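31 is the number of the first residue of the sequence shown in my numbering; add one for each residue after it.
Beta carbons are placed, not taken as given, at the ideal position from N, Cα and C, and that holds for glycine.
These numbers come from a predicted model, not from an experiment.
Accompanying notes for the structure given below.
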Amino acid sequence: MKDKKRRDFVKQMVGLGVLGVAAAGTVWGGKELLEREESPLRPPGAMPEHQFLALCIKCGQCLQVCPYDAIMLEDVNGKAGVGTAYIDPDKRGCYLCKALPCILACPSGALKHEDADDVRKTHMGVAIIANENACLALYNKPVPESERDLIYDHTKVLTPAERREKKVYDLPNPSEKRTLQVELLKKVEKYVGKQCTICADLCPYPEQSLAIGMVQKGKGYIPEIRSKCVGCGACVELCPTDVLKIIPRKTYDEVYGKKA
Numbered sequence: 031m032k033d034k035k036r037r038d039f040v041k042q043m044v045g046l047g048v049l050g051v052a053a054a055g056t057v058w059g060g061k062e063l064l065e066r067e068e069s070p071l072r073p074p075g076a077m078p079e080h081q082f083l084a085l086c087i088k089c090g091q092c093l094q095v096c097p098y099d100a101i102m103l104e105d106v107n108g109k110a111g112v113g114t115a116y117i118d119p120d121k122r123g124c125y126l127c128k129a130l131p132c133i134l135a136c137p138s139g140a141l142k143h144e145d146a147d148d149v150r151k152t153h154m155g156v157a158i159i160a161n162e163n164a165c166l167a168l169y170n171k172p173v174p175e176s177e178r179d180l181i182y183d184h185t186k187v188l189t190p191a192e193r194r195e196k197k198v199y200d201l202p203n204p205s206e207k208r209t210l211q212v213e214l215l216k217k218v219e220k221y222v223g224k225q226c227t228i229c230a231d232l233c234p235y236p237e238q239s240l241a242i243g244m245v246q247k248g249k250g251y252i253p254e255i256r257s258k259c260v261g262c263g264a265c266v267e268l269c270p271t272d273v274l275k276i277i278p279r280k281t282y283d284e285v286y287g288k289k290a
């Protein structure tokens, strides 16, 4: 009850424009807080950017419970957002795990608890095709071994030996985090050597084809971003050639101007 009252109070202060909220030894305020040049990709359920910055108490609890180690904390380059949670999909996308523990762990309301009951509500941003000509599917090329190696590097639960040998070992009593991340790694390994459509095949949205699909272009294929894309960034991490990017906080309609 106390936690709920505290969240409601802070939200009310933000709604009234009171931005001098002190937490973790830092006081926020001023134009820099509200006028960042661009917003980083925030975790699922993030409030609008100015509210998120005011509400986030930089506790790192969302980071600690993230099963895929996707969430990081901004460093000094984050300016007003130093210490706040963000996702860099080039290093690890969000895989829309069940129950969204990052939201449930947030004690301040920076991540909306109302969004925790359905991953379809997590509008983090939207994907775009940033470099179509680099797409391997356009030339009917396979997923290279370097993609497997990249995901090995991104998988933090591996032992030094597993990382070095590019081989996963059966360990006794693996944690849920290890189980989920190794499962993703094994899925990637199955695509190595096969024609690349990995961005669409491994999209974590519940109804994949509503968020992304492959469409024919010439003799090959390219990804098509569709209206249910929530901007989780998994496709960005999985793409072997940096074809895709995420525009944080934008909706499909804002970027594409129509519904698929």
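Query: Residues sharing a beta bridge with residue 251, DSSP; Result: 246
Query: Where residue 152 falls, given that 16 or more other Cβ within 10 Å makes a residue buried; Result: buried
Query: Residue 236: CB within 7 Å of a non-hydrogen atom of the ligand ADP; Result: The ligand ADP is not part of this structure, which contains no ligands at all.
Query: Inter-residue spacing [alpha-carbon to alpha-carbon] between residue 234 and residue 125; Result: 6 Å
Query: Under 8 Å between C-beta atoms of residue 69 and residue 279; Result: yes
Query: 7 Å Cβ shell around residue 286 - same chain, five flanking residues per side excluded; Result: none
Query: Backbone CA spacing between residue 188 and residue 214 [nearest angstrom]; Result: 13 Å
Query: Whole-angstrom distance between residue 217 and residue 185, CA atom to CA atom; Result: 13 Å
Query: Beta-carbon proximity list for residue 203, same chain, < 7 Å, skipping 5 on both sides; Result: none
Query: For residue 225: DSSP bridge partner residues; Result: 172
Query: Unbroken alpha helix (DSSP H) run spanning residue 286, endpoints; Result: 282–286
Query: The alpha helix (DSSP H) enclosing residue 133, as first and last residue numbers; Result: 131–135
Query: Other residues of its chain near residue 198: CB distance less than 8 Å, five sequence neighbours each side excluded; Result: 188, 192, 212, 215, 216
Query: Run of the beta strand (DSSP E) containing residue 7, from where it starts to where it stops; Result: Because the chain in this structure spans residues 31 to 290, residue 7 falls outside the shown range and cannot be described.
Query: For residue 157, the residue or residues it bridges with in DSSP; Result: 276
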